[in-house]
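These notes concern the structure reproduced below.
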Amino acid sequence: MERKSIPVKRIFHKPQIVRGLGSNLYTDVNANQFRAGGSLLNKVQRSRHKNLYDINHQIRAKPDLNTTLPVRQTASIFKQPVTKVTNHPNNKVKTDPQKAVDQPKQLFWERKLNGLNAFDIAEELVKTMDLPKGLQGVGPACSDKTLLSSIASALHTSPAPVTGQLTAAVEKNPGVWLNTSQPLCKAFVVTDDDIRKQEDLVQNVRRRLEEALMADMLAHIEDTTADAAASKVEEKVEQRLAHQPCTYHRQLTAAVEKILSLAQHIAASVQSLCRSRRTCRNEEAAEEALMADMLAHMEDTTHIAAASKSRREVEQGKEEIIAIKEQGDNRRQDLVDKGKTKRRRRG
Numbered sequence: 085m086e087r088k089s090i091p092v093k094r095i096f097h098k099p100q101i102v103r104g105l106g107s108n109l110y111t112d113v114n115a116n117q118f119r120a121g122g123s124l125l126n127k128v129q130r131s132r133h134k135n136l137y138d139i140n141h142q143i144r145a146k147p148d149l150n151t152t153l154p155v156r157q158t159a160s161i162f163k164q165p166v167t168k169v170t171n172h173p174n175n176k177v178k179t180d181p182q183k184a185v186d187q188p189k190q191l192f193w194e195r196k197l198n199g200l201n202a203f204d205i206a207e208e209l210v211k212t213m214d215l216p217k218g219l220q221g222v223g224p225a226c227s228d229k230t231l232l233s234s235i236a237s238a239l240h241t242s243p244a245p246v247t248g249q250l251t252a253a254v255e256k257n258p259g260v261w262l263n264t265s266q267p268l269c270k271a272f273v274v275t276d277d278d279i280r281k282q283e284d285l286v287q288n289v290r291r292r293l294e295e296a297l298m299a300d301m302l303a304h305i306e307d308t309t310a311d312a313a314a315s316k317v318e319e320k321v322e323q324r325l326a327h328q329p330c331t332y333h334r335q336l337t338a339a340v341e342k343i344l345s346l347a348q349h350i351a352a353s354v355q356s357l358c359r360s361r362r363t364c365r366n367e368e369a370a371e372e373a374l375m376a377d378m379l380a381h382m383e384d385t386t387h388i389a390a391a392s393k394s395r396r397e398v399e400q401g402k403e404e405i406i407a408i409k410e411q412g413d414n415r416r417q418d419l420v421d422k423g424k425t426k427r428r429r430r431g
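Be aware that the sequence shown starts at 85, since it is given in my numbering, and climbs by one per residue.
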């Protein structure tokens, strides 16, 4: 009995799958893995069931921050925008531009600058400015330093003119009626005399600055001229040395030769002096040895004579010995004096 085989049709791409299976609601072409011969639909279903009760995996709604108008999602090629219809087309947000620009400030914040002092390069305290009498402070415990710091901060930070507190109610209740954009001072008026005094002060300062700059410029010119003169002198000296190198070299060699000859002469004189001192010492030692030998010989002879002669002769011999000793001492003293005279002459 013959066995019939089932006909097999090979499929190479997804359109062939659609033609072969037909239109089926349960057919998902994207879930088929036709090269491996399987389907990915089961894996997709398993992953959906797995994350169904997972709280961390739940998709949270994101806020829609896009303000552009939506577009109709139709099959048309051309875009069809949606028309926005409102009941109040002329509605505008009413805001105060001055409040939006100005930053809020703390009342009496200038009092935080109390106790701050400026020091110069030499670490000495800089004297504060003396404010004019027309400027008067406003607020509790407003000192001159607080007023000066508030005016300086207003001049440096605010582009608006400094007029002071214009309302008179500030003195009654400054915590309510204080204008934070103006310094802590009453309203003041600048007169022509004040402007003239300030102009005179500026002119005096400019004059002193001009004098200081002129003195500095003159000192700089003097320094440059002195440096130029010194450089010219150095160039002349170098040129002379370059033109006359042989003469200077000869003079230098002659001076060196003189110094060497003088040193040799000094060394020879020192050696001769040492030799003369040695000879004098040797002569003195020889004379002393000769005198000692002679005295010893005479003592021996006197002892022998005394042994053979009587007392009288012994006494006479002693006297003679004493006389001989005196002669020897005199002789020795003469030799010593001669040696000293020789040394003096040689020295």
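Ideal Cβ positions, reconstructed from N, Cα and C, are used throughout, including at glycine.
Separation of the CB atoms of Thr247 and Gln266 is rounded to 6 Å, and the pair is thereby assigned contact status at 8 Å.
DSSP places Ala238 in the uninterrupted alpha helix (DSSP H) bounded by Asp228 to Thr241. In terms of Cα proximity to Pro188, the closest of Glu294, His349 and Thr264 is Thr264.
By the Cβ-count criterion, Thr230 is buried, with 16 or more other Cβ atoms from all chains shown falling within 10 Å of its own Cβ. Three or more beta-carbon pairs separated by less than 8 Å link the segment 265-284 to the segment 214-228, which places the two stretches in contact. Counting the other Cβ atoms within 10 Å of the Cβ of Ser227 gives fewer than 16, which makes it exposed. Relative to Ser356, the option among Arg427, Ala244, Arg195 and Ile95 whose CA is nearest is Arg427.
Residue environment for Ser315: exposed (fewer than 16 other C-beta atoms within 10 angstroms of its C-beta). Per DSSP, reduced to three states, the secondary structure at Leu191 is coil, with no helix or strand assignment. Under the three-state reduction of DSSP output, Leu197 falls in the helix class. Cβ atoms of Ser234 and Glu208 stay farther apart than 8 Å, at about 25 Å. With contact defined as three or more Cβ pairs closer than 8 Å, the segment 299-318 and the segment 275-286 are not in contact. Taking C-alpha positions only, Gln335 is separated from Ser345 by approximately 16 Å. Residue pairing of Pro216 in beta bridges, as defined by DSSP: absent, with no partner found.
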